[in-house]
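Working notes, beginning with the structure itself.
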DNA sequence: CTCTCTGGTGCAAACGATTGTGCCAATTGC
DNA sequence: GCAATTGGCACAATCGTTTGCACCAGAGAG
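Protein chains in written order, with the working numbering: chain A, 4 to 381; chain B, 4 to 381.
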């Protein structure tokens, strides 16, 4: 290991192996290794090793116009849902020598635009967008420029992008079915923003389920959040409860909205779950330790990330290929926030005390909705 | 706005303005603008505008050996503490045209090394390390190479790096004082890893406070976590409670450990806070909604990020200057997890009012006590 | 009227890699 | 034994910028 001020360059390696830099380059690159003789390849590799040569990614990017970097846009990194997803993404990408540039946009289109442009300028090889709205100029632009893009968690019909997300309608149907099985009939919904696929699909799932059970839904039973935030959850929860005396259960558009809703319960002196049951969506980390532990719809976070990575790698690799729409199956997680309707004693809820029950609050019953995991393709 | 397949390059701008590319470069760069005449500068700027010219950061990096990029190493992105910090960091950096590369290391030195090298290869202009251990070869290397580095949340004495962190000892002293004021005397501590400044300082704060109140601390009262994780919190909580019948309060090394400890409470049938009070450290998001809401020590997360950014920008800008050690003041946040010692009614837990027995743990530990758990490093 | 400055530009060489093209030998085929 | 093929390598251009240096015109000084 020779020491020098400046890191070894390809010329250095070439010189050490007494070949031309071009030859050294070919010898070192897997794709072109077969263009040089066995013997020189060995000599070059050995020299590179000895000098501790590390190719300069910047120079390489400049020449090849690819960076082995992908841009990942996250709507809200403060939402604990995303870290595990990102982790899956990074792990999978790393296996293929890619690194992820994380950018959070706070749901702000201007900010998203900025980050997106920044990343394009840095020659990212593709994008994973968890920020997609149903129509967005970023998607238009990406389509036109034929950028490799994968949508994650959210979808956007009409764009030629692969996507991986949860079967939202199915998840919400399971949630509603669960509440109905507990005797609830007056069920409200805090809908996520309707320009986001998850907001739309979950609302649709809610309305479908109710309708198919012949449970009427009037306007006061659905309020629309403008963002998937605690603050909006608080506001919508307040509105829903104040406009609707008889509500006994709430389906929230996601966990953040549900948690926000907890605040509304506190404010209005509504006890959860005795007075009102609530169920969320996402099963984000720590949600099982809330007061009360939130019933919710789970999907495999980490895998969402790895699958998104897979789809993007496919796209980057082949350039073409079929557009794949991948759904992961949701799973209903029943915890303490949903109980049978009507006057009742809730023995265990109150009790941090009831620890003799074998099932600690953190342990939930998992009801699988679908067989087998989602699969690629088709 | 001229449309072409490929984005406008500096040559294009130069051609459009009928000057040499070099001149165009000078005209466009604030630092060298005064080298060209007013008139040409205007012409070039106008042409650049018209062509929608965006300088290619890759090419620029190659030439200037700086990337306007900083590497940020986070020990665990799943910890909700970090997103707000990172956000502060990014916001402040963005104001100065820098972007942050986030890398999470999972507390794994190998992974940290990998990410670090990757980032160096990409010519980041500096590092913000939230992963520092008291001695690490990465810090050694950064020192030797004279890299601009700022330590965030953690410190490491003996290295010439600026840092911003919390006054951990003061925070823990406040926590202990709070517990003592509630009548607790048998107080345990779940110590963070002792090769990390926070673990060490908080333990020191704990021991100091106890000692200064003439409260003896024997070995069974302190257990050592090997990581700041839920799993370790669970394990240590279990060990602490099993080895110590009379414990009435726990000071956890951070919030994650405290939450893990909640799991141990459930397992062992210990009620919190009736039987045992617990206090954490960090006041991470959502911790106020746990069951029970966790008392903890808060510090301003976002500001930790912005201050780290400030320090790094200083360092990058001037290259030299004094090394600054910045502490943010902690603040005690009292919530539901800490109550006065002894038999008591916890009012809002209806139906459990008769639970006043001071915690005779169902399981009497026959397991001999073990002193400090294995520690990292040295 | 010549000489010396000095703004203002152009020229060309970097930065560190990849890659199309062409040359030289050695091998093969007849 | 000679022509055609081909494997292996070197040459040089290129990616898009920045920057040291040289050059040139005009201004001011003597």
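Glycine included, C-beta positions come from ideal geometry on N, C-alpha and C.
| Item | Value |
| --- | --- |
| Taking the runs of the alpha helix (DSSP H) that are 4 residues or longer, which of them lie wholly in the segment 59–115 of chain B? | 60–67, 85–98 |
| Counting along the chain, where does the beta strand (DSSP E) carrying residue 259 of chain B start and finish? | Careful: residue 259 of chain B lies outside any beta strand (DSSP E), inside the alpha helix (DSSP H) at 258–271. |
| Which residue from A:77, A:34, A:21, A:13 puts its Cα closest to that of residue 308 of chain A? | A:77 |
| How should residue 67 of chain A be labelled, buried or exposed, when 16 other C-beta atoms within 10 angstroms of its C-beta is the threshold for buried? | exposed |
| So residue 86 of chain B contacts chain A; which residues on that side make the cut at Cβ distance below 9 Å? | 79, 80, 81, 82, 83, 85, 86, 107 |
| In angstroms with no decimal places, state the Cα-to-Cα distance between residue 267 of chain B and residue 239 of chain B. | 8 Å |
| Under three-state DSSP, which class holds residue 155 of chain B? | strand |
| What are the residues in the segment 214–230 of chain B lying within 8 Å of chain A by C-beta distance? | none |
| Anything in chain A within Cβ reach of residue 64 of chain B, meaning under 8 Å, just list it in chain order. | 61 |
| How would you write the range of the alpha helix (DSSP H) that residue 280 of chain A sits in, first residue to last? | Segment 280–282 is the beta strand (DSSP E) holding residue 280 of chain A; no alpha helix (DSSP H) there. |
| Can you find a C-beta in chain B that's less than 8 Å from the C-beta of residue 46 of chain A? | no |
| Leaving out the 5 sequence neighbours to the left and right, which residues in its chain are closer than 7 Å to residue 39 of chain B when beta-carbon positions are compared? | 26, 29, 30 |
| Quick one: is residue 276 of chain A near chain B, going by C-beta distance under 8 Å? | no |
| Grab me the residues of residue 135 of chain A's own chain with a C-beta within less than 6 Å of its C-beta, minus the 5 sequence neighbours each way, in chain order. | 154, 157, 159 |
| Spatial neighbours of residue 10 of chain B within its chain, please: CB distance less than 7 Å, with the 5 preceding and 5 following residues excluded, ordered by chain position. | 57 |
| Kindly list the residues whose CB is nearer than 6 Å to the CB of residue 164 of chain B, restricted to its own chain and excluding five residues on each side of it in sequence; keep chain order. | 152, 154 |
| Is the Cβ of residue 124 of chain B closer than 8 Å to any Cβ of chain A? | yes |
| Taking the alpha-carbon positions, what's the residue 237 of chain A to residue 344 of chain B distance? | 35 Å |
| Of all the CB atoms in chain A, is at least one closer than 8 Å to the CB of residue 151 of chain B? | no |
| Under 8 Å, CB to CB, which of the residues in the segment 261–274 of chain B have a partner in chain A? | 262, 265, 266, 268, 269, 270, 271, 272, 273, 274 |
| Using the Cα positions of residue 183 of chain B and residue 210 of chain B, report the straight-line distance between them to the nearest angstrom. | 13 Å |
| Please state if the CB of residue 89 of chain A and the CB of residue 105 of chain A are separated by a distance shorter than 8 Å. | yes |
| Measuring straight from C-alpha to C-alpha, what distance separates residue 431 of chain A and residue 340 of chain A? | Absent from the model: residue 431 of chain A. The displayed extent of chain A is 4 to 381, so no value can be given. |
| Whose C-alpha, out of B:52, B:145, B:288, is nearest the C-alpha of residue 259 of chain A? | B:288 |
| Which residue from A:322, A:242, A:205, A:124 puts its Cα closest to that of residue 64 of chain B? | A:124 |
| I think residue 167 of chain B touches residue 311 of chain B, with their Cβ atoms under 8 Å apart; what is that distance to the nearest whole Å? | 5 Å |
| Can residue 315 of chain A and residue 131 of chain A be called in contact, C-beta distance under 8 Å? | yes |
| Can you grab the Cα-Cα spacing for the pair residue 99 of chain B / residue 93 of chain B, in whole Å? | 10 Å |
| Name the one or two DSSP bridge partners that residue 329 of chain A has. | A:167 |
| Would residue 247 of chain B pass as a contact of residue 224 of chain B if the rule is Cβ separation under 8 Å? | yes |
| At 9 Å on the CB atoms, spell out the chain B contacts of residue 301 of chain A, in chain order. | None at all; the shortest Cβ gap to chain B is about 16 Å. |
| Given 7 Å as the limit, tell me if residue 64 of chain A has its C-beta closer than that to any heavy atom belonging to the ligand NAP. | In the structure on display, the ligand NAP does not appear, and there are no ligands present to speak of. |
| What does residue 197 of chain A touch in chain B if you count any residue whose Cβ is under 7 Å from its own? | Neighbours of residue 197 of chain A on chain B: none; closest Cβ ~26 Å, over 7 Å. |
| Just verifying my parser: in three-state terms, what is the DSSP assignment at residue 340 of chain B? | coil |
| To the nearest angstrom, report how far apart residue 228 of chain A and residue 180 of chain B are at their CA atoms. | 43 Å |
| Give a yes or no on whether 8 Å exceeds the smallest Cβ distance from residue 289 of chain B to chain A. | yes |
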